[in-house]
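Student: Read in order, the letters of the sequence shown correspond to residues 1 to 493 in UniProt numbering.
Backbone N, C-alpha and C fix where the C-beta goes; we use that ideal spot for every residue, glycine too.
For clarity, every value in this text was computed on a predicted model and none was experimentally measured.
Let me give you the structure first, and then I'll get to my questions.
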Amino acid sequence: MKLILIFFALSMNVFNIIASLQKPHASTTQAYGVSSNPVSAADKVFDYIVVGAGLTGTTVAARLAENPDMNILLIEAGNDNREDPRVYDIYNWLTTLGTDLDWAWQTDQNRTISGGPVQATFPELMDGGPQQSAFMSTASNATGLPLLPDALGGDANCVAYAAFSINWRDDDHRSSSAQAYLTPVEKTRTNWLTLINHQVTKVLFANDSTVLHVATGVNFGTSNGTAYTVHARREVIFAARTIQTPALLQLSGIGDSVLLGSLGIDTLIDLKTVGRNLQEQTNDALGAHGTSADDVAQNITESLSNWAELRASSALSKEALEEIYRIQADVENAPVLEVFFNASLPDNLGIIPWQLLPFSRGNVSITSTDPFTKPKVNVNYFNVPYDLSLFVGETSLGFDTVPNDENFGSDADWERWILSGFAAVSHPIGTASMMRRELGGVVDARLVVYDTANVRVVDASIMPLQISAHLSSTLYGVADKAADLIKGAQLAH
């Protein structure tokens with residue numbers, strides 16, 4: 001996808017605002033490390049305010065804090081859970097769901113998207129012993145896919161062991177951005193403060209911006225406590241993730257003016273696609289043999305225009321969505337599904353099919369001006385029929401590997417079973433996409449929100465399309481690239 005970036009000349013007014021924010025301030029003793037005390041940040045001035053201490057937020061904050069001349073504030077709604085066994089013990093990850101560690105965003109079809117403050121992975125108990133190795137060979141022979149030693153070796157069309165974010169030298173404890181980037185330096189990097197148990201509720205902008213809107217800080221607080229303000233000298237950086245990032249943008253006056261107006265929110269930037277283009281992967285379903293790949297590809301190509309017309313409300317327009325669909329459909333050799341085989345159980349074999357590249361699109365929208373009210377999340381699971389038919393076809397891999405009665409049900413039987421039992425895998429993306437504005441983009445190639453001078457988004461919401469993988473490795477790459485872009489902007493000033 002080619003992104004065309006046009007640089008507009010800033011008015012002297014905008015330059016003056018940014019320059020005034022970057023003037024040296026009176027020397028004060030700044031708190032650092034991890035704190036739950038809002039006074040440590042309230043009414044202070046930081047060079048960068050990072051919203052959300054998940055994977056990308058912590059990584060970006062750490063990279064920016066490498067410069068001792070820059071003061072960084074990282075604000076996290078959750079607690080510091082690094083010593084909580086529910087977090088560091090990956091074999092107990094299920095115990096986090098529905099607890100204080102889980103945002104548990106409710107979506108359509110009574111499904112739940114889970115997410116941090118814990119950075120969850122989905123481990124499969126495969127230890128690579130003789131039983132597992134034998135099964136791997138069987139799976140490779142049955143599916144015709146090569147058996148590779150490294151699933152991250154560049155060819156995703158393969159049979160390989162799943163890779164996990166764990167430290168085997170530390171009893172398989174989870175590896176996270178917090179453990180990797182914060183823990184080693186929190187007592188020595190005195191220019192970095194992480195404020196926990198407080199949620200950012202609104203981004204503040206200068207009143208006299210004429211061309212590009214300049215963020216000056218954020219409001220933050222708790223649902224039953226005092227509201228506070230903190231000031232940003234350089235940038236406000238969103239890492240609140242795919243659900244909360246668009247909600248916070250909307251609360252700050254950036255979004256569809258029709259939605260904002262209905263809630264009495266003044267529109268600062270009429271950016272209609274904030275919260276749209278939501279895509280989520282699904283799993284926990286099996287199906288039956290499908291048609292040939294050529295037939296499927298032709299059917300997809302011929303259906304794109306109709307799919308786009310029927311789902312245009314989750315994009316900028318029918319034409320924009322159709323172009324995005326064609327980009328997705330034209331990707332070659334990208335796996336569209338993943339199948340986990342859990343062969344470590346004594347007497348059983350677990351099979352978890354996983355859909356990677358759905359065409360279905362949804363949206364996120366606030367329903368209240370109360371920032372502590374969770375937004376409405378419509379994923380629109382399987383609202384493109386192809387997504388459901390792919391799940392039906394996915395059973396062929398399971399049944400080729402584990403022979404069974406060939407008469408294992410009609411497509412309609414499996415469709416009913418899938419719809420009654422599928423799960424969201426908590427990999428949502430796309431609600432603040434990095435695309436051309438005429439396609440529905442929310443941020444440009446520098447990750448800057450359109451029509452702002454200094455608001456960036458650095459989380460999974462910027463990804464315009466799903467990937468044939470789990471998201472964590474890609475998001476570390478996004479965070480590192482974002483940090484380099486921000487550091488580059490420092491030099492430009």
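At 3 residues or longer, what runs of the beta strand (DSSP E) sit wholly inside the segment 215-264?
Tutor: Within the segment 215-264, the complete beta strand (DSSP E) runs of at least 3 residues are 215-221, 228-238.
Student: On the three-state DSSP scale, how would you describe P353?
Tutor: Correct three-state label for P353: strand.
Student: Considering only C-alpha positions, which residue in the set Y48, A180, S314 is nearest to W192?
Tutor: Measuring from the Cα of W192, the nearest candidate turns out to be Y48.
Student: Three-state secondary structure (DSSP) at D444?
Tutor: Correct three-state label for D444: coil.
Student: For P85, count the other beta carbons within 10 Å of its own beta carbon; 16 or more makes it buried, fewer makes it exposed. Which is it?
Tutor: P85 comes out exposed.
Student: Please report the straight-line C-alpha distance between I90 and R233, rounded to a whole angstrom.
Tutor: Computed Cα separation, rounded: 39 Å.
Student: Return yes when the Cβ of L268 is within less than 8 Å of the Cβ of F205, no when it is not.
Tutor: Yes. Within cutoff.
Student: Using DSSP's beta-bridge definition, name the partner residues of R174.
Tutor: The partner list for R174 (beta bridge, DSSP) reads I166.
Student: Please classify T183: is it buried, with 16 or more other beta-carbons within 10 angstroms of its beta-carbon, or exposed?
Tutor: Exposed: under 16 other Cβ atoms inside 10 Å.
Student: So what's D100 in DSSP terms, helix, strand or just coil?
Tutor: DSSP places D100 in coil when its eight states are reduced to three.
Student: Quick one: what does DSSP say G477 is sitting in, helix, strand or coil?
Tutor: It is helical.
Student: Quick check on this structure: which residue in K44, A41, V50, L55 has the alpha carbon closest to the alpha carbon of A460?
Tutor: Among K44, A41, V50, L55, the Cα nearest to that of A460 belongs to L55.
Student: For F391, count the other beta carbons within 10 Å of its own beta carbon; 16 or more makes it buried, fewer makes it exposed. Which is it?
Tutor: So F391 counts as buried.
Student: Quick check: Y325 and A42, are their CB atoms within less than 8 Å of each other?
Tutor: Cβ atoms of Y325 and A42: not closer than 8 Å.
Student: Quick check on the burial criterion: 16 or more other C-beta atoms within 10 angstroms. Buried or exposed for E76?
Tutor: Result: buried.
Student: Can you give me the C-alpha to C-alpha distance between G78 and A320, rounded to a whole angstrom?
Tutor: Going by the C-alpha atoms only, they are around 37 Å apart.
Student: Counting Cβ pairs, one atom from each stretch, are 3 or more of them under 8 Å apart for the segment 246-254 and the segment 361-377?
Tutor: With the cut-off at 8 Å, the segment 246-254 and the segment 361-377 touch.
Student: Where does the unbroken alpha helix (DSSP H) through residue 512 begin, and where does it stop?
Tutor: An answer regarding residue 512 cannot be provided, because it is not within the stretch 1 to 493 covered by the chain.
Student: Could you check if W168 is buried or exposed, using at least 16 other CB atoms within 10 Å of its CB as the buried criterion?
Tutor: So W168 counts as exposed.
Student: Rounded to a whole number of angstroms, what is the C-alpha to C-alpha distance between L471 and Y32?
Tutor: The straight-line gap from Cα to Cα measures roughly 30 Å.
Student: Considering Q199, what are the terminal residues of the beta strand (DSSP E) in which it resides?
Tutor: Run containing Q199: 199-205, per the beta strand (DSSP E) assignment.
Student: What is the DSSP secondary structure of F46, reduced to helix, strand or coil?
Tutor: Correct three-state label for F46: strand.
Student: When you compare only the Cα positions, how much space is there between V51 and A423?
Tutor: Each residue's Cα considered, the two are about 28 Å apart.
Student: Look at the alpha carbon of A482 and the alpha carbon of A489, and state the distance between them as a whole number of angstroms.
Tutor: Each residue's alpha carbon lies about 11 Å from the other.
Student: I'd like the span of the beta strand (DSSP E) that includes W414, first residue to last.
Tutor: No beta strand (DSSP E) contains W414, which is instead part of the alpha helix (DSSP H) from 411-421.
Student: Check whether the Cβ atoms of A492 and V457 sit closer than 8 Å, and answer yes or no.
Tutor: Result no, Cβ atoms of A492 and V457 do not sit closer than 8 Å.
Student: Less than 8 Å separating the beta-carbons of P428 and Q279?
Tutor: In this structure, Q279 lies closer than 8 Å to P428 by Cβ.
Student: Would S420 pass as an interface residue toward chain B - the criterion being a Cβ-Cβ separation below 8 Å?
Tutor: Note that chain B does not occur in the displayed structure, where there is just one protein chain.
Student: How many whole angstroms separate the CB atoms of N380 and S360, which I take to be in contact at a CB cut-off of 8 Å?
Tutor: That pair is a contact at about 5 Å.
Student: Whose C-beta lies closer than 7 Å to the C-beta of I166 among residues of the same chain, with five residues either side of it excluded?
Tutor: Correct list, in chain order: I90, D172, H173, R174, S175.
Student: Is the beta carbon of A53 sitting closer than 8 Å to the one on T194?
Tutor: Yes, these two residues count as a Cβ contact at 8 Å.
Student: I'd like the ranges of any beta strand (DSSP E) spanning at least 3 consecutive residues and lying wholly in the segment 46-78.
Tutor: DSSP runs (the beta strand (DSSP E)) wholly in the segment 46-78: 72-75.
Student: Assuming the contact rule is C-beta atoms closer than 8 Å, V87 and L97 should be a hit. Round their C-beta distance to whole Å, please.
Tutor: The pair is not a contact, with the Cβ atoms about 13 Å apart (cut-off 8 Å).
Student: Hey, K44 and V230 are a contact pair by Cβ (cut 8 Å); roughly how many whole angstroms apart?
Tutor: Right, the Cβ-Cβ distance comes to about 6 Å (below 8 Å), so this counts as a contact.
Student: By DSSP, does I269 sit in helix, in strand, or in coil?
Tutor: I269: strand per DSSP, three-state reduction.
Student: Which residue or residues does DSSP assign as beta-bridge partners of N363?
Tutor: The partner list for N363 (beta bridge, DSSP) reads R276, N378.
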